[in-house]
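Residue 718, in our numbering, is where the sequence shown stops; the numbers in between run on with no holes.
In this text, a Cβ means the ideal position worked out from N, Cα and C, and glycines have one as well.
Quantities reported herein were computed from a predicted structural model and do not represent experimental measurements.
Remarks on the structure that follows.
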Amino acid sequence: MEFTQQELDHSNAVLNDYAVSLTGSELSFYVHYWGGETSLPTNHVHKHSFFEICYVADGEGWYEEGGERWALRPGTLFMSRPHLKHQIISQKELYTVFVAFELIPGESSEEGIRRFRSLEKSHNFVLPEAGNLPAVWIWLALLKQVSASRRFLDDGVLGLACSLLTSFENAFDDRRDAVKAPTLHPSASTLVHRAKLYIRDNLAQELKLSSVADYLHVSSRHLSRLFAEELGQSYSVYVRKERIRHAVSLMTGTEWSIKRIAEECGFDTVHYFTTVFKSEMGEPPGQFLKKLKNSETF
């Protein structure tokens with residue numbers, strides 16, 4: 421983290437004004453303070469009734485709690501748990517950022533309450549090489565976002581702040597190293613949705629089944645089967661209908677020529693466009709346009 425003391429003061433002042441009550445779908449937090457010091461002095465032995473999380477960006481020192489001592493070096497993320505006496509001892513200009521908060525039980529789910537209460541007894545409260553943890557990256561992003569934001573602070577800052585506090589549960593969970601995330605693959609509906617978006621945004625192109633399958637990193641056979649299962653129609657039928665749907669949209673919303681519309685919708689010739697349009701709409705595009713203009717006249 422390369423922030424001056426002035427930049428840290430500004431960012432944390434904004435957070436202390438805006439990011440105090442953070443509400444999520446399952447977790448809600450009350451933040452007592454956000455802070456940061458490029459040269460944190462040694463403090464006295466003390467305790468809190470809430471969580472305080474600190475990240476060491478630079479310098480050296482010690483964290484003492486319960487008669488034990490842990491080294492603080494760049495990249496250390498550590499948690500002071502509620503009601504436990506502790507002390508931070510600075511040896512070499514400790515550059516730290518910190519946040520103090522507590523869960524709002526009345527606005528959090530039972531699972532959220534249970535998991536954060538379990539952190540109060542966690543043995544995993546000093547993480548010496550945490551620089552690549554999501555929590556640290558979110559914290560850095562939050563400080564940068566605050567310093568860059570001029571508008572939309574609620575949308576641009578509060579979501580990140582809530583994500584940061586939520587990420588601490590995973591970072592300090594005793595079972596973090598033991599739990600292996602399952603291997604997940606995109607669902608059929610997700611793949612079809614992405615294919616539909618690609619088709620919609622590239623209708624002027626040829627759109628071979630193989631090219632869309634390559635884009636999605638699946639086989640042509642698999643993609644063809646997904647269209648049949650999810651949409652009840654073949655890939656080629658779906659693309660043809662999308663081309664005509666787009667053509668109708670352009671006819672009703674622009675003054676473009678039939679030739680230009682045909683090209684924009686991916687048809688090589690006006691003749692081919694006319695043939696497909698008539699098969700889908702029951703009349704050629706010229707007749708469709710004539711009726712459209714007559715209806716607008718009246």
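Can you look up residue i in the DSSP assignment and give me helix, strand or coil?
{"i": "residue 687", "result": "coil"}
{"i": "residue 697", "result": "helix"}
{"i": "residue 456", "result": "strand"}
{"i": "residue 710", "result": "helix"}
{"i": "residue 623", "result": "coil"}
{"i": "residue 426", "result": "helix"}
{"i": "residue 633", "result": "helix"}
{"i": "residue 522", "result": "strand"}
{"i": "residue 498", "result": "strand"}
{"i": "residue 659", "result": "helix"}
{"i": "residue 476", "result": "strand"}
On the DSSP bridge assignment, give the partners of residue i in chain order.
{"i": "residue 441", "result": "450"}
{"i": "residue 509", "result": "482"}
{"i": "residue 489", "result": "484"}
{"i": "residue 470", "result": "Bridge partners of residue 470: none, in fact."}
{"i": "residue 528", "result": "Bridge partners of residue 528: none, in fact."}
{"i": "residue 654", "result": "Bridge partners of residue 654: none, in fact."}
{"i": "residue 514", "result": "460"}
Take residue i and list the residues in its own chain whose beta-carbon comes closer than 6 Å to its own, dropping the five residues that flank it on each side.
{"i": "residue 489", "result": "482"}
{"i": "residue 582", "result": "442, 444"}
{"i": "residue 539", "result": "592"}
{"i": "residue 597", "result": "Interpretation of residue 597 is limited by its pLDDT of 47, a score under 50 that renders its predicted location unreliable; the figure taken from the coordinates is listed afterwards. Here the set comprises nothing."}
{"i": "residue 599", "result": "Low confidence applies here, because residue 599 scores a pLDDT of 46, under 50, leaving its location unreliable; read the following figure in that light. Nothing listed; no residue qualifies."}
What does a CB cutoff of less than 8 Å around residue i pick up in its chain, not counting 5 residues either side in sequence?
{"i": "residue 424", "result": "458"}
{"i": "residue 514", "result": "457, 459, 460, 476, 478, 479, 480, 481, 492, 508"}
{"i": "residue 446", "result": "528, 529, 531, 532"}
Report back the beta-carbon spacing between residue i and residue j to the nearest angstrom; my notes put them in contact at under 8 Å.
{"i": "residue 612", "j": "residue 650", "result": "5 Å"}
{"i": "residue 518", "j": "residue 474", "result": "4 Å"}
{"i": "residue 462", "j": "residue 510", "result": "5 Å"}
{"i": "residue 561", "j": "residue 573", "result": "At roughly 15 Å, the Cβ-Cβ gap does not stay under 8 Å, so residue 561 and residue 573 are not in contact."}
Of the residues the options, which one's Cα is nearest the Cα of residue i?
{"i": "residue 547", "options": "538, 496, 524", "result": "496"}
{"i": "residue 552", "options": "715, 533, 476", "result": "476"}
{"i": "residue 472", "options": "658, 480, 521", "result": "521"}
{"i": "residue 707", "options": "683, 678, 684, 687", "result": "678"}
{"i": "residue 432", "options": "675, 566, 554, 506", "result": "566"}
{"i": "residue 664", "options": "462, 673, 685", "result": "685"}
{"i": "residue 687", "options": "614, 623, 537, 645", "result": "623"}
{"i": "residue 643", "options": "669, 486, 666, 607", "result": "607"}
{"i": "residue 465", "options": "505, 427, 558, 569", "result": "505"}
{"i": "residue 709", "options": "689, 681, 692", "result": "681"}
{"i": "residue 558", "options": "549, 588, 536", "result": "588"}
In chain order, what residues of the same chain lie with their CB nearer than 7 Å to the CB of residue i, ignoring the 5 residues before and after it?
{"i": "residue 718", "result": "Since pLDDT at residue 718 reaches only 44, below the 50 mark, its modelled position is unreliable, and the value read off the structure follows with that caveat. So the list is empty, once near-sequence residues are dropped."}
{"i": "residue 659", "result": "619, 627"}
{"i": "residue 653", "result": "647"}
{"i": "residue 594", "result": "542, 543, 544"}
{"i": "residue 694", "result": "704, 705"}
{"i": "residue 555", "result": "497, 584, 587, 588, 591"}
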